[in-house]
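Presented below is the structure to which this report refers.
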Amino acid sequence: MNELHAGPRARADHGSRRRGAGSFVGVTALAVALLAAVAVTAPVVGQEAFRLNEREYFVRGGVNVMAFQDIYPEGHQGGVSVVQHDVRVASNGDLRLEPTPGQWQPVPRQLERVVDREAGEIVTRLVYPDTAKHRKGFNPIVYPDLELAYTVRVRAAGDAVRVTVDLAEPLPAEWVGRVGFNLELFPTELFGRSWQLGGREGIFPRQPNGPMRRDARGELQTVPFAAGPRLTVAGEAPEQRLVIESETGDLQLLDGRNRHNNGWFVVRSLVPAGATAGAVEWRIRPHAVPGWLREPVVQLSQVGYHPRQPKVAVIETDARDMEVAPARLLRVAAEGGLDVVVERAPEVWEGEFLRYRYLRFDFTEVTQPGMYVVEYGGYRTEPFRIAADVYRRDVWQPTIDHYLPIQMCHMRVEEKYRVWHGVDHLDDARMAPPDSNHFDGYVQGPSTLTAYEAYDRVPGLDRGGWHDAGDDDLRIESQADEVWVLATTYEEFGVDYDNTRIDQSRRLVRIHEPDGVPDLLQQVEHGVLSILGGYRALGRLYRGIIVPTLEQYVLIGDPTNYSDNLVYDLSLAPDERTATSSGVPDDRLVFTEEHPAHEYLGIRALAVAGRVLRDYRPQLAREALEAAESLWREERPPGEGFDQRVWAAVELLLTTGDAAYADALVAMQDGIVERIGATGWAVGRVLDRVDSPAFAAAIRRAVAGHAAEVREAERRNPYGVPYEPYIWGAGWGIQDFGVRQYFLHTGFPERVPADYMLNALGFVLGTHPGRNTASFVSGVGARSVTTAYGFNRGDWHYLPGGSVSGTALIRPDLPELKEFPYLWQQVEYVMGGGATHAMFLTLAADALLRDAAR
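Numbering of the sequence shown is given in this note's numbering, commencing with residue 46 and proceeding in unit increments.
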């Protein structure tokens, strides 16, 4: 089995029990209700038959089969899923309309899921199409003309689970041979493992290989490895062995990566002509290692700790493991070897969280500088430091040294012998047409809201900005938030760090080549150039700038190849115009919108830039502030974008000192108090500039109440932060929470401790759930996520200093952070926080702890 834990580890044999090899903050009422609804019942050691537990999935020792609890099939989370010995090995078991479907291909709508405990069965009703997604929504899908209602029954059958698909009506003749039941097998766990099917056998390949063929409709499809009624996966590996048998037709084994880079291996059987009841019948038999217990995992900061901060390692154990063994903190001796510093039993965390039992090993009293490891139950962590300068080097610098420069749009980015990417998107941008719904969440309303007509060239958009995630787009909220956090980091901590040459006139960036200007100021400038470029041309803020075709959007690699950098000119002859292979011009589109929240984010960014760029780029700073104040004066529907309006008023007050912005805050007092968790951190920065004792008193009371709510929320898990897992990794949300907690602490130190901010940083750096304890910030810490969803994800590589979304939830209770670059809900990079929030938290921790030491 592929082992995610990279550090040294001893194996422990506890008597007759065998331990196998380990292989946002979205705090919503829905998430809380979901977790409460699946109250814990652990599987029974040695259980020989599958049973349906109180968490509504099937268990047999260390094996689980979930049925339609996950709700994200586009992200390979949905349908029937198999978890073997704490590792999700298969998912998305459901009827699909393609042999190896991709992200924008049809998925069914789930109508009803019924758990019949007496019968040991889960019955789910589904239907095609999903009318809520057909050409609608954030990621619209185009559904074919097919109405298909069906039921999937999953029930325990001894050492297997039986899956039955019943159709309400037989398939239309034209769909016979096209609709089948698919089960996706996670690729990374299978590389180098064996398969056996239909008298043939082979090894799961690391890369997709041929051959391909065209189907009856002329579409390219992968040729199956083999076909037959019985498939054995990883027969040589007890912890991964999986047998699937079809009673209604042959199984096919396909490689979904041939059509989509982010595809998985697929097991598929077709729905026969004329079939209704029992159209598909499978037996899925995942092998369960007798007596298996999930080994402990020790979770702590992969970077380390300041001597004065709390130091708590969280130990995650099997829920059935009632032992509490001694935990040991060991110091790496200068001459080599390990010396025991602390050895004692960790405290049991009294609570229920996910599927595990939790212990906490507190070694806060240790302050001697040095390198350390923690051991528990045969698990040894990677080495980490305790030192007063632990956050001062190699922690925040990768973000400003690498990640931000690499993400810069409209620039050539070099690093010594390497070119990260060439000058790109010099053909930005054309006006998006009215009444258009883009495939990635952009909607242009009935008007362009500008003087430009559909597809007109909009000048001035070929400067500045950062590519957002792997999507290659410039969203106003991500650009504005990035400007704000970079400017605030520069201002708050006086960071004059310079290690990059940024030459806007030559569109050239050179990493590890100082140019005499603080990098943070140059990055702020780069973001403002994009935001102001849009404002100058459009007379308003853009919604975003993005490629027009899915053909371009899914490209991986150097973004200079996403377009030809030549402006599509309608005055040229048709054969002289440049376009994609589909005939659509490859210039990106610019969208506009009326969205108060996004507009206030832009105002906030321009206001803070007007402050921090005054000495470096005085003309640009003046223009940014003038734009911010002009945009502020525009009329907007009352109440919309309230939180962002508060933030914008705070920055305008800090930049101008104008009492009008203080008066605006006082006028919003009731809303600020009501939403103190979202607004109090910002208002605390200017409380001494608002001449209203009643306002200040109301804010202080509300902050005290919010602090009590945070204390209550953080007790619901062992990590010291409000955290309710819900599909997407919560790393970005917890980083944002940590930044707000910093300002709440500095603004209201008597009410808000620094602990929550420090815990948020620790969470991101490794103290988080699951078997993969990597730091979410790539290249930071002894172990970090180095297979991530950036523009170079096709290389299975990473961008130093980028911060991924982090450990996701496989519903209802499995934390997961796989080493796979295409699970965006786990390993995606983003702009507008994320990496720069982590950088901010690191600098904040160093500043606060340094002050505390004085």
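All C-beta atoms, glycine included, are put in the ideal place defined by N, C-alpha and C.
### Message
Going by beta-carbon coordinates alone, are Leu140 and Val278 separated by less than 9 Å?
### Response
no
### For Leu531 and Val569, believed in contact at Cβ under 8 Å, the rounded distance
5 Å
### Task
Give me whichever residues DSSP pairs with Ala272 in a beta bridge.
Gln297
### Message
Please report the distance separating the alpha-carbon of Phe636 from that of Glu674.
### Response
23 Å
### Message
So for Gln114, helix, strand or coil by DSSP?
### Response
coil
### Message
Out of Leu868, Leu862 and Arg856, which one is the CA nearest neighbour of Glu101?
### Response
Arg856
### Query
Rounded to the nearest angstrom, how far is the Cβ of Ala880 from that of Gly847, given a contact under 8 Å?
5 Å
### beta strand (DSSP E) segment containing Asp384, residue limits
Leu383 to Arg389
### Message
Given this structure, state the Cα-to-Cα distance separating Ala318 from Leu806, to the nearest angstrom.
### Response
57 Å
### Query
Thinking C-alpha only, which one of Ala705, Arg328, Thr791 and Glu143 is nearest Arg745?
Thr791
### Query
With C-beta atoms as the reference, is Gly725 less than 9 Å away from Leu789?
yes
### Message
Quick test of the definition: if touching needs 3 or more C-beta pairs under 8 Å, does the segment 860 to 870 touch the segment 458 to 469?
### Response
no
### Message
In whole angstroms, give me the CA-to-CA distance for Gln871 and Trp777.
### Response
11 Å
### Query
If you draw a straight line from the alpha carbon of Gly835 to that of Leu844, how long is it in whole angstroms?
7 Å
### Query
Terminal residues of the continuous beta strand (DSSP E) containing His466?
Arg463 to His466
### Glu281 versus His305 - alpha carbon distance
29 Å
#### Entry: Terminal residues of the alpha helix (DSSP H) in which Ile576 lies
Asp564 to Leu583
### Task
Check the DSSP bridge columns for Trp511 and list the partner residues they point to.
Met453
### Backbone secondary structure at Ile547 - three-state DSSP
strand
### Query
Any chance the segment 366 to 385 sits against the segment 413 to 423, with 3 or more Cβ pairs inside 8 Å?
yes
### Task
Please confirm if the segment 445 to 454 is in contact with the segment 578 to 588, defined as three or more CB-CB distances below 8 Å between the two stretches.
no
### Query
Identify the residues that DSSP records as bridge partners of Arg198: which are they?
Val168 and Thr209
### Query
Cβ of Leu296 within 9 Å of Cβ of His332?
no
### Query
Should Pro593 be labelled buried (16 or more other beta-carbon atoms within 10 Å of its own) or exposed?
buried
### Query
Which residue or residues does DSSP assign as beta-bridge partners of Ala94?
The partner list for Ala94 (beta bridge, DSSP) is empty, contrary to what the question assumes.
### Task
Tell me whether Ala213 is buried or exposed, calling it buried when 16 or more other Cβ atoms sit within 10 Å of its Cβ.
exposed
### Task
Specify the secondary structure class of Glu397 as computed by DSSP and reduced to three states.
coil
### Message
Please report the straight-line C-alpha distance between Leu228 and Glu680, rounded to a whole angstrom.
### Response
53 Å
### Message
At the level of alpha carbons, what is the spacing between Val85 and Arg365?
### Response
Note on Val85: pLDDT 37, under 50, position unreliable in the model; the coordinate value appears next. Their Cα atoms are separated by approximately 11 Å.
### Nearest neighbour of Asn762, chosen from Glu340, Leu404 and Gly138 [CA to CA]
Leu404
### Stretch-stretch touch, CB-based, cutoff 8 Å, three pairs: the segment 875 to 890 with the segment 530 to 550
yes
### Message
Suppose the cutoff is 7 Å on Cβ atoms and the five residues either side in sequence are ignored; what does the same chain contact list for Arg734 look like?
### Response
Leu698 and Ala707
### Message
Against chain B, does Arg678 count as a neighbour if the rule is that its beta carbon must be under 9 Å from one of theirs?
### Response
Absent here is chain B; the protein component of the structure consists of one chain.
### Task
List the endpoints of the continuous alpha helix (DSSP H) containing Ala743.
Pro738 to Glu759
### Query
Within 10 angstroms of its Cβ, does Pro814 collect 16 or more other Cβ (buried), or is it exposed?
buried
### Message
Determine whether the beta carbon atoms of Met876 and Trp511 lie at a separation below 9 Å.
### Response
yes
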